[in-house]
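Participant:
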Amino acid sequence: ANIGAAHSATTLSMILNCHVNMNVPEIDIVDIANMGQLLTDEITTLVVFELQGEMPHGGFLVLHFPGDSAMRTANILMGSPDSAIPPGEMDQSAILEVGNIMISSFLSATSDLLGIMMLPSPPVLVVDMTHAVIESLIAGMTIEVDDVVLFRINLGSDEHKIAANILIFLEISTLQMVADMLEEMIK
């Protein structure tokens with residue numbers, strides 16, 4: 016997680032052409048029933064991906080931008096001081112591209128570490144209440160998911176305050192497979 020998060024932060028730094036700091040990721044395995052307590056019901060921006068590659072029905076990844084972090088990121092990319100909310104078409108495209116690059120970077124580093132191919136699906140942008148989107152995503156899943164691996168990654172720069180969370184919804188057998196791979200690496 017730390018390697019994947021560091022690659023995501025470095026990638027964002029290159030995209031925004033400014034120094035981006037990252038804290039050590041906080042990782043929690045959370046029961047889905049308790050997700051509402053961790054994520055607010057404020058309107059946020061989420062970029063949703065299905066986990067693909069050598070993990071059939073592996074799960075989903077969500078890049079969650081709390082508050083106006085997504086708009087600040089889009090504004091930096093487009094060189095504009097302010098953008099209207101809800102995001103316009105160009106803002107949405109910029110946010111999708113940032114999400115795609117960050118999640119691809121995260122999965123590439125994780126794939127290299129684990130030695131298996133992990134790829135993201137094309138991204139889907141959602142601007143809504145976080146808890147409602149997560150509940151909808153879970154309801155639409157065709158795989159068994161009881162827990163969410165929650166990666167909290169805070170990104171920031173001297174010029175801009177940007178925050179993001181990477182949420183990973185893994186199917187139980189996928190979570191076990193990853194745990195087994197990590198355990199094997201420690202031996």
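Sequential numbering of the sequence shown, starting at 16, is according to this note's numbering. Glycine included, every Cβ here is placed at the ideal spot set by N, Cα and C.
1) Buried or exposed, going by whether 16 or more other CB atoms sit within 10 Å of the CB of Leu197?
2) At what residues does the beta strand (DSSP E) containing Gly74 begin and finish?
3) Identify whether Ile118 lies in helix, strand or coil by the three-state DSSP scheme.
4) I need the straight-line Cα distance from Met85 to Met70, nearest angstrom please.
5) Is there contact between the stretch 41-57 and the stretch 115-133, where contact requires at least three CB pairs shorter than 8 Å?
6) Could you name the residues of the same chain whose beta carbon sits closer than 8 Å to that of Pro135, not counting the 5 residues immediately before and after it, in chain order?
7) Please determine if the stretch 168-186 and the stretch 22-42 are in contact, where contact requires at least 3 C-beta pairs separated by less than 8 Å.
8) Which residues in the same chain as Ser23 place their Cβ atom closer than 6 Å to its Cβ, once the five residues preceding and following it in sequence are excluded?
9) For Leu61 versus Thr145, is the C-beta spacing smaller than 8 Å?
10) Tell me which same chain residues have a C-beta within less than 8 Å of the C-beta of Lys202, skipping the five on either side of it?
11) Under the rule that 16 or more other beta-carbon atoms within 10 Å means buried, what is Pro137, buried or exposed?
12) Excluding the 5 residues preceding and the 5 following Val193 in the sequence, name in chain order all residues of the same chain whose CB lies nearer than 8 Å to its CB.
13) How is Val113 classed by DSSP in three states: helix, strand or coil?
14) Please work out which residues of its chain come closer than 7 Å, Cβ to Cβ, to Glu174, disregarding the five sequence neighbours upstream and downstream, and give them in chain order.
15) For the beta strand (DSSP E) that contains Met133, what are its first and last residues?
16) To the nearest angstrom, how far is the alpha carbon of Ser108 from that of Gln52?
Facilitator: To lay it out plainly:
1) Position 182 of the sequence shown, counted from the first residue, corresponds to residue 197. Counting the other CB atoms within 10 Å of its CB gives Leu197 a total below 16, which places it among the exposed residues.
2) Position 59 of the sequence shown holds residue 74. Where Gly74 is concerned, the enclosing beta strand (DSSP E) stretches over 74-80.
3) Position 103 of the sequence shown, counted from the start, is the residue given in the question as residue 118. In the structure shown, the three-state DSSP call for Ile118 is helix.
4) Your numbering for residue 85 matches position 70 in the sequence shown. Your numbering for residue 70 matches position 55 in the sequence shown. What sits at residue 85 in the sequence shown is Ala, not Met. So the two alpha carbons sit approximately 29 Å from each other.
5) With the cut-off at 8 Å, the stretch 41-57 and the stretch 115-133 do not touch.
6) Sequence index remark: in the sequence shown, residue 135 carries index 120 (1-based). Here Pro135 has Phe64, Glu65, Leu66, Gln67, Leu76, Asn115, Ile118, Ser119, Leu122 as same chain residues with Cβ atoms under 8 Å from its own Cβ, once five neighbours each way along the sequence are excluded.
7) A contact exists between the stretch 168-186 and the stretch 22-42.
8) Taking the first residue of the sequence shown as 1, we reach residue 23 at position 8. Cβ contact annotation for Ser23 (same chain, cutoff 6 Å, sequence separation greater than five): Met117, Ser120, Phe121, in chain order.
9) In the sequence shown, counting from the first residue as 1, residue 61 sits at position 46. In the sequence shown, counting from the first residue as 1, residue 145 sits at position 130. Yes, the Cβ-Cβ distance between Leu61 and Thr145 is below 8 Å.
10) Along the sequence shown, read from residue 1 onward, the residue named residue 202 stands at position 187. Hits under 8 Å: none found.
11) For the purposes of this step, residue 137 is taken as residue 122 along the sequence shown, with counting starting at 1. Counting Cβ neighbours within 10 Å, Pro137 comes out exposed, since fewer than 16 surround it.
12) Within the sequence shown, the letter at position 178 stands for residue 193. Answer for Val193: Leu129, Leu185, listed in chain order.
13) Translated into the one-based positions of the sequence shown, residue 113 becomes position 98. Reduced to three states, the DSSP call for Val113 is helix.
14) Here residue 174 corresponds to residue number 159 of the sequence shown, with the count starting at 1. Excluding residues within five positions, the ones whose Cβ falls inside 7 Å are Cys33.
15) For this step, residue 133 is matched to residue 118 along the sequence shown. Met133 -> beta strand (DSSP E) spans 133-135.
16) Here residue 108 refers to the residue found at position 93 when the sequence shown is read from its first residue. Here residue 52 refers to the residue found at position 37 when the sequence shown is read from its first residue. Annotation: Ser108 to Gln52 spans about 30 Å, alpha carbon to alpha carbon.
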